[in-house]
Amino acid sequence: MGREFASAAARWFHLTDMPARPVITAVCDKNPTILDWYRTNLPGVNCLTDDYRELLADTEIDAVYVAVPHNLHAEIYSAVLEAGKHLMGEKPFGIDQAANTAINKAVAAHPELLVRCSSEFPFCPAMQRLAAMIEQDVFGRILEVNGAFLHSSDLDPEKPINWKRMIEFNGEYGVMGDLGMHVCHVPFRAGWIPQNVRAILSDIIKERPDGKGNKVPCRTWENATLLCETVNPAGGDTFPMTLKTQRIAPGEKNSWRLEILGTESGVRFSTKNINHLEIFERRGSEQMWHHLDMGHETTFPTITGGIFEFGFSDAILQMWAAYVSELAGVTLGRFASCVTPDETALSHALFTAALRSQAKGTTASLD
Ligand SMILES: NC(=O)c1ccc[n+]([C@@H]2O[C@H](COP(=O)([O-])OP(=O)(O)OC[C@H]3O[C@@H](n4cnc5c(N)ncnc54)[C@H](O)[C@@H]3O)[C@@H](O)[C@H]2O)c1
């Protein structure tokens, strides 16, 4: 993800109307091969180090993006803030609830710093159109909301294990830690706060090759389905919200989805068909699904013409445009800004309740 940011910063001129531009002057990574990639591709960088403390000691640096394994979030995010630097962190923003609380304590101690958590899919143009429908409250009484992030990265049982499949680096949340913040971002921003959760978590592949000829235990949850009783602040009604995160979803590569169904209107989006928005309309007793083709109609304007297709790296660029604009003092729309530390705290309350629900086989309330 560090290299994704480097690539977005390198094509910053793609954005036409930005109040500021990120200049990467220092990079830290423990892996010398990755550092070499930065050395080759970012010739202007004057500090390449394997020790983040060296980077944080540089008084010229204003903001730091940290994309490291989850077990390091609390230590490094807190160090960034203590060094007086703005922070873009990665989800899950702490390996567990205790780590998230520690990070958010450091955030509270530095109100002068802008702290956000990365989540790029809401910046797809079709999602921004969907968000406008939430703003306009077009759904009538909300009947249900279904969010999902579906991979098949773990379908092959012979895929060697890596840190994302090890509890000590990835945490007890398993797939929820990796993909959960993504599915929470828009519902939380809409104010749809789960009151309780019934979670079914699946550990499907129990061991994996270690890449050295042996099999080792693989103890992380691969799939998670959370059924949440959720309150709509507009009206106070409750509705069921299902948040699914799966690493073993046959037929899916990297599908991020959101569906909202109400008595008056509905909407569906999936990155599988990234330029396509389905909108439901009720006219009297007639029911209609419309298909809207979206192009490159981005929140932050770019040189790309509106008829052209949008993709993952465009969503990353838009997310960075949001962070940098906010850092430059621009006031952003509700759905055109990055995840806040409070929203990460809510996601941890949800995932921790989900672990309790799974352990007891009952519904768990959010603490
Ligand atoms: N927003 C997204 O769509 C998205 C996608 C993938 C991953 N992520 C998040 O990004 C973070 C990293 O995931 P990734 O897929 O990039 O992992 P990765 O394994 O590809 O990269 C992590 C990097 O951190 C480096 N590293 C490890 N320990 C370090 C240390 N002590 N100091 C400096 N560098 C160190 C590693 O050498 C590696 O290059 C995770 O928090 C993950 O949840 C976000």
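The sequence shown begins at 4 in my numbering and counts up by one.
Using N, Cα and C, we set each Cβ at its ideal position, and we do this for glycine too.
None of these values were measured; they are calculated from a predicted model.
Exercise. Looking only at C-alpha atoms, which of M4, F8, P22 and E7 sits nearest to P304?
Worked result: P22
Problem set entry | Helix, strand or coil at G180 according to DSSP, with G and I counted as helix | Of the three classes helix, strand and coil, the one that applies to G180 here is helix, per DSSP.
Exercise. How many angstroms separate the CA atom of N278 from the CA atom of N257?
Worked result: The straight-line gap from Cα to Cα measures roughly 15 Å.
Exercise. Relative to ligand 1, is the shortest distance from any of its heavy atoms to the C-beta of M4 smaller than 7 Å?
Worked result: yes
Exercise. To the nearest angstrom, how far is it from the Cα of E85 to the Cα of T347?
Worked result: 20 Å
Problem set entry | One or two residues paired with R271 in a DSSP bridge | In the DSSP output, where bridge partners are listed per residue, R271 has E262 and E281.
Exercise. Got a sec? Which residues, its chain only, sit under 7 Å from V234 by beta carbon, not counting five neighbours each side?
Worked result: I196, Q198 and T241
Problem set entry | Given V342 as reference, the closest of L117, A9 and V67 once Cα atoms are compared | L117
Exercise. Where do the ends of the beta strand (DSSP E) carrying M169 lie?
Worked result: Unbroken run through M169: none, as it is neither H nor E.
For this session: Classify N257 as helix, strand or coil using the three-state DSSP reduction.
Result: It is a strand residue.
Problem set entry | Cβ-based burial, S368 [other Cβ within 10 Å; buried from 16] | Within 10 angstroms of the beta-carbon of S368 lie fewer than 16 other beta-carbons, which makes it exposed.
For this session: Please list the segments of the alpha helix (DSSP H) lying wholly inside the stretch 209 to 261, counting only runs of 4 or more residues, in order along the chain.
Result: none
Exercise. Is the closest heavy atom of ligand 1 to the C-beta of V71 under 7 Å?
Worked result: yes
Exercise. Do the stretch 162 to 174 and the stretch 262 to 275 touch if we need at least three Cβ pairs shorter than 8 Å?
Worked result: no
Exercise. Taking 7 Å as the cut-off, does the CB of D32 come closer than this to any heavy atom belonging to ligand 1?
Worked result: yes
Exercise. Within the present structure, is the beta-carbon of Y41 separated from the nearest heavy atom of ligand 1 by less than 7 Å?
Worked result: Not so, every heavy atom of ligand 1 lies at least 7 Å from the Cβ.
Exercise. Leaving out the 5 sequence neighbours to the left and right, which residues in its chain are closer than 6 Å to A356 when beta-carbon positions are compared?
Worked result: V200, A367 and L369
Problem set entry | Three-state secondary structure (DSSP) of H89 | DSSP places H89 in the strand class (E or B) of the three-state scheme.
Exercise. Cα-Cα, which of A193, P190, L75 and P114 is closest to A102?
Worked result: The residue among A193, P190, L75 and P114 with its C-alpha nearest the C-alpha of A102 is L75.
For this session: Please go through the same chain and pick out, in chain order, the residues whose beta-carbon is closer than 7 Å to the beta-carbon of I310, but skip the five residues on each side of it.
Result: G298
Problem set entry | Rounded separation between G183 and F152 - CA only | 8 Å
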